[in-house]
Amino acid sequence: MSNFVSPEDWPEGLLREPFEEPYGPDWDDLTPAEPRHPPRPSRLETTDLAALFGPEGALAATLEGYEQRPSQVQMAEAVKQAILERRTAIIEAPTGTGKSIAYLLPAILSGRTVVVATANKSLQNQLYTKDIPFLSQVLGEKIDAVVVKGRSNYICTYKWEQEEPIRRQMAFYEGQEDEQINHLRTWIEETETGDVDDLPFMLPGDLRPKIVSYPDDCLHRDCRHYYERCFVNWMRERARDAQVIITNHHLLLNALELGEVGKALLPEASIYVIDEAHGLEATATAVFDVEVSDFTLPQLLGRAVFKQHVDEDRLDELRFQNSLAFSELERLGDGNIFRLEEDLEEFKRLATNLTALLDDLRRANPYAQEEEKKGGKKKEESAEEAEARAAYEQALSTLSGLIEKLKQVASSKHDGQVVRYVERVYSRQVRMRVHAAPVDPSPLLRKYLFDEKERTVICTSATLATNGHFGLFRSRCGVDEDPIELIVDPVFDYPRQALLYQPSLPSYNWRAKERYYDAVAGEIERLLEVSRGRALCLFTNWSGLQQVQERL
């Protein structure tokens, strides 16, 4: 693959599952499965939404202090029309509209399977723990719903079994009990989800990657826990039966791009709701981006498979070539991010040498059975042998995917639809990343999301229109067909009910962050006193929140 190709023709295996460092989806495990529930009857056509949302309706009877919002009814009617006509709807609904109820209620009444994709876990949690239970009360029926996250959000029982004794041995030599490991073990034995977000404490940064599931180190059906204690498998089984599937933009786009195979990651639906759709273009660019960091290869070569089956001198030479390839990038620019306009010869050379390694490992595969090579019957394997074979084959598959990525980012031959650039990173393990990303993701969004004729897609956010029109959003996200368009009036009277205040704070500088957070905490404290505690403080990261909390 010497020529750079359009992102529409990139190998599907280059895409990652969301929020994960490893290199590709878990192919061996992606067997499409049809939903097991019987078809649900639709009540949407015969339901008077205005009455349902009205002062005498079911919502008012369920929620004390309920106030009808005309804008919410207006949005729900637009969603109903889009569902019945199987069209795309673009709806801008300001804060306070009640968007989630406005799109969930018509979707649930339709009886169809609906996927709701959000940009953050907070909204996912609100939908699952608050909105869905509320609508279950309103409708007087159980609503099957599930939250589907990327697999790196779930504990891997197999990896935990490998890591726990190591941690206990470390604690023994240090002469102290590891209380956190004890709490973690109890939680893993009792949890029904394995979702690390459900933990009552934060996992240490060095522990998390060693005990959560990644697609490139999963043993799939060769794992002894696959059918009995695999949290990823349990989550996917529940998703097959659910009517409402709550996920994130990244996972949705990955699943749609994979087509039939992607249905194992995320069951097919006839209604897709893209909440917080203002970020759809940026998310699509990130999802369809090919990325390699200077830590990608060293991380891969650190696996036991390579340590056991490859000479250490050869591994050292590959690590050196990787370092040389990324050092080549440093001479191309002095900024934090810069574009590439020429072939990266060291990356091509590295890809060639890794291909030779891959060929050697395939020929020397110690787990390839002679009977299988000759077309005969495979001999019986023990659980340990099956796991060792799966780990070997998975490592080779990951290496193959990395080689393809290196070829993509190395070549300068492209058609103007792809931009290659380098990003400097300041972390303990990663120093630099090289990217090959689509300039315009709209053809890919059109192909995978909007072009399906029997599908309803609802795009909604508080900020979608530009100067009162959706033309920019439509062009950047690939919405060609005539969609239903709605801009809902604001619920709040902002000129009378809101003030914009910009305090005089120092700019953030990590070298003087203590001074910065002192100023932020002081300003927040003053505003809390003025508002008599009636305030919601939002932070862009946990670290900032903790810094301010300690000061208050």
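Residue numbers (this note's numbering): 1347 to 1898. Positions of the beta carbon are idealized from the N, C-alpha and C atoms, including for glycine.
Quick one: give me the first and last residue of the beta strand (DSSP E) that residue 1463 is part of. Position 117 of the sequence shown holds residue 1463. 1460 to 1464 is the span of the beta strand (DSSP E), which, as asked, contains residue 1463.
Could you name the residues that DSSP lists as bridge partners for residue 1421? In the sequence shown, counting from the first residue as 1, residue 1421 sits at position 75. Partner(s): none; residue 1421 has no beta bridge.
Cα-Cα, which of 1568, 1810, 1588 and 1561 is closest to residue 1578? Within the sequence shown, numbered from 1, the residue matching residue 1578 stands at position 232. Nearest of 1568, 1810, 1588 and 1561 to residue 1578, Cα basis: 1561.
State the DSSP-derived secondary structure class of residue 1512, mapped to helix, strand or coil. Position 166 of the sequence shown, counted from the start, is the residue given in the question as residue 1512. Residue state, collapsed to three classes: helix.
Cβ contact (3+ pairs, closer than 8 Å) linking the stretch 1507 to 1519 and the stretch 1594 to 1612: no
Sorted by chain position, which residues of the same chain lie with C-beta nearer than 6 Å to residue 1527's C-beta, five sequence neighbours on each side aside? Your numbering for residue 1527 matches position 181 in the sequence shown. These residues qualify, in order along the chain: 1513.
Any idea what DSSP makes of residue 1654, helix, strand or coil? Counted from its first residue, the sequence shown places residue 1654 at position 308. Three-state result, residue 1654: helix.
N-terminal and C-terminal residue of the beta strand (DSSP E) that residue 1767 is part of: Here the question's residue 1767 lines up with position 421 in the sequence shown. From DSSP, the beta strand (DSSP E) with residue 1767 extends over 1764 to 1770.
I'd like to know if the stretch 1491 to 1503 and the stretch 1538 to 1552 are in contact, where contact means that at least 3 CB-CB pairs between them fall below 8 Å. Output reads yes: the stretch 1538 to 1552 touches the stretch 1491 to 1503.
Same chain only: Cβ atoms within 6 Å of residue 1736, ignoring 5 sequence neighbours per side: Taking the first residue of the sequence shown as position 1, residue 1736 is located at position 390. Excluding positions up to five away in sequence, the list reads 1565 and 1568.
Between the Cα of residue 1778 and those of 1784, 1770 and 1785, spot the shortest distance and give me the residue it belongs to. The residue given as residue 1778 occupies position 432 in the sequence shown. For the residues 1784, 1770 and 1785, the minimum Cα distance to residue 1778 belongs to 1770.
For chain C, check one thing: does any of its Cβ atoms lie closer than 8 Å to the Cβ of residue 1569? Among the chains of the structure shown, chain C does not appear; only one protein chain is present.
Expressed to the nearest angstrom, what Euclidean distance is found between the alpha-carbon atoms of residue 1660 and residue 1652? To locate residue 1660, count along the sequence shown from 1; it is residue 314. To locate residue 1652, count along the sequence shown from 1; it is residue 306. Straight-line Cα distance between these residues: approximately 10 Å.
Sort 1870, 1802 and 1875 by Cα distance to residue 1436 and report the nearest one. On the sequence shown, residue 1436 is found 90 positions in, with the first residue counted as 1. When only C-alpha atoms are compared, the closest one is 1802.
Using 10 angstroms around the beta-carbon of residue 1595, count the other beta-carbons present and answer buried if the total reaches 16, otherwise exposed. In the sequence shown, counting from the first residue as 1, residue 1595 sits at position 249. Label assigned to residue 1595: buried.
Is residue 1847 helix, strand or coil when you go by DSSP? Translated into positions along the sequence shown, residue 1847 becomes position 501. DSSP places residue 1847 in coil when its eight states are reduced to three.
Measure the Cβ-Cβ separation of residue 1486 and residue 1387 and say whether it is below 8 Å. Taking the first residue of the sequence shown as position 1, residue 1486 is located at position 140. Taking the first residue of the sequence shown as position 1, residue 1387 is located at position 41. Their beta carbons are not under 8 Å apart, which means residue 1486 does not touch residue 1387 by this criterion.
Taking the alpha-carbon of residue 1849 as reference, which of 1857, 1867, 1664 and 1626 has the nearest alpha-carbon? Position 503 of the sequence shown, counting from 1, holds the residue named residue 1849. For the residues 1857, 1867, 1664 and 1626, the minimum Cα distance to residue 1849 belongs to 1867.
Looking at C-alpha atoms only, which residue of 1551, 1839, 1620 and 1583 is the closest neighbour of residue 1597? The count along the sequence shown starts at 1 and reaches residue 1597 at position 251. Of the candidates 1551, 1839, 1620 and 1583, the one whose C-alpha sits nearest the C-alpha of residue 1597 is 1620.
Beta-carbon proximity list for residue 1635, same chain, < 8 Å, skipping 5 on both sides: Within the sequence shown, numbered from 1, the residue matching residue 1635 stands at position 289. Non-local C-beta neighbours of residue 1635 in its own chain, meaning closer than 8 Å and more than five positions away in sequence, comprise 1781, 1782, 1783 and 1784, ordered along the chain.
Over the uninterrupted alpha helix (DSSP H) stretch that includes residue 1331, give me the two end residues. The structure shown has nothing for residue 1331, since the chain only spans 1347 to 1898.
Spatial neighbours of residue 1700 within its chain, please: C-beta separation below 6 Å, excluding the five flanking residues on both sides. Within the sequence shown, the letter at position 354 stands for residue 1700. Excluding positions up to five away in sequence, the list reads 1749.
Quick check on the burial criterion: 16 or more other C-beta atoms within 10 angstroms. Buried or exposed for residue 1477? On the sequence shown, position 131 is the one that residue 1477 refers to. It counts as buried.
The beta strand (DSSP E) spanning residue 1594 covers which residue range? Within the sequence shown, numbered from 1, the residue matching residue 1594 stands at position 248. The continuous beta strand (DSSP E) containing residue 1594 extends over residues 1590 to 1594.
Smallest Cα separation from residue 1927: which of 1588, 1840, 1805 and 1412? With the chain covering 1347 to 1898 only, the question about residue 1927 has no answer from this structure.
Under DSSP, the beta strand (DSSP E) around residue 1782 begins and ends at which residues? Mapped onto the sequence shown, residue 1782 falls at position 436. Per DSSP, residue 1782 belongs to the beta strand (DSSP E) from 1778 to 1784.
At the level of alpha carbons, what is the spacing between residue 1451 and residue 1554? Along the sequence shown, one-based indexing puts residue 1451 at 105. Along the sequence shown, one-based indexing puts residue 1554 at 208. For residue 1451 and residue 1554, the distance between alpha carbons rounds to 37 Å.
Taking just the CA atoms, how far does residue 1840 sit from residue 1894? Taking the first residue of the sequence shown as position 1, residue 1894 is located at position 548. Taking the first residue of the sequence shown as position 1, residue 1840 is located at position 494. Rounded to whole angstroms, residue 1894 to residue 1840 spans 28 Å at the Cα level.
Rounded to the nearest angstrom, what separates residue 1423 and residue 1395 at their Cα positions? By one-based count along the sequence shown, residue 1423 stands at place 77. By one-based count along the sequence shown, residue 1395 stands at place 49. Residue 1423 and residue 1395: Cα-Cα distance of roughly 7 Å.
Cutting at 8 Å between CB atoms, please list the residues of its own chain near residue 1909, excluding the five before and the five after it. Nothing about residue 1909 can be read from this structure; the chain reaches only from 1347 to 1898.
Distance between residue 1547 and residue 1708 (C-alpha atoms, nearest Å): Numbered from 1 along the sequence shown, position 362 holds the residue referred to as residue 1708. Numbered from 1 along the sequence shown, position 201 holds the residue referred to as residue 1547. Taking the straight line from one Cα to the other gives about 43 Å.
Can you name the residues that DSSP bridges to residue 1812? By 1-based counting over the sequence shown, the position of residue 1812 is 466. According to DSSP, which records beta bridges pairwise, residue 1812 is partnered with 1815.
Check whether the stretch 1807 to 1827 touches the stretch 1425 to 1436, counting contact only when three or more Cβ pairs, one atom from each stretch, lie closer than 8 Å. yes
Whole angstroms is fine: what's the gap from residue 1589's alpha carbon to residue 1404's? Reading the sequence shown from its first residue, position 243 is the one you call residue 1589. Reading the sequence shown from its first residue, position 58 is the one you call residue 1404. Cα to Cα, residue 1589 sits roughly 21 Å from residue 1404.
Would you grab the beta carbon distance between residue 1464 and residue 1691 for me? Rounded to a whole angstrom, and I think it's under 8 Å. Translated into positions along the sequence shown, residue 1464 becomes position 118. Translated into positions along the sequence shown, residue 1691 becomes position 345. Not really, about 43 Å apart at Cβ, beyond 8 Å.
What number of angstroms, rounded off, separates the C-alpha of residue 1409 from the C-alpha of residue 1551? Residue mapping note: residue 1409 aligns to position 63 of the sequence shown, counting from 1. Residue mapping note: residue 1551 aligns to position 205 of the sequence shown, counting from 1. Roughly 42 Å separates the two Cα atoms.
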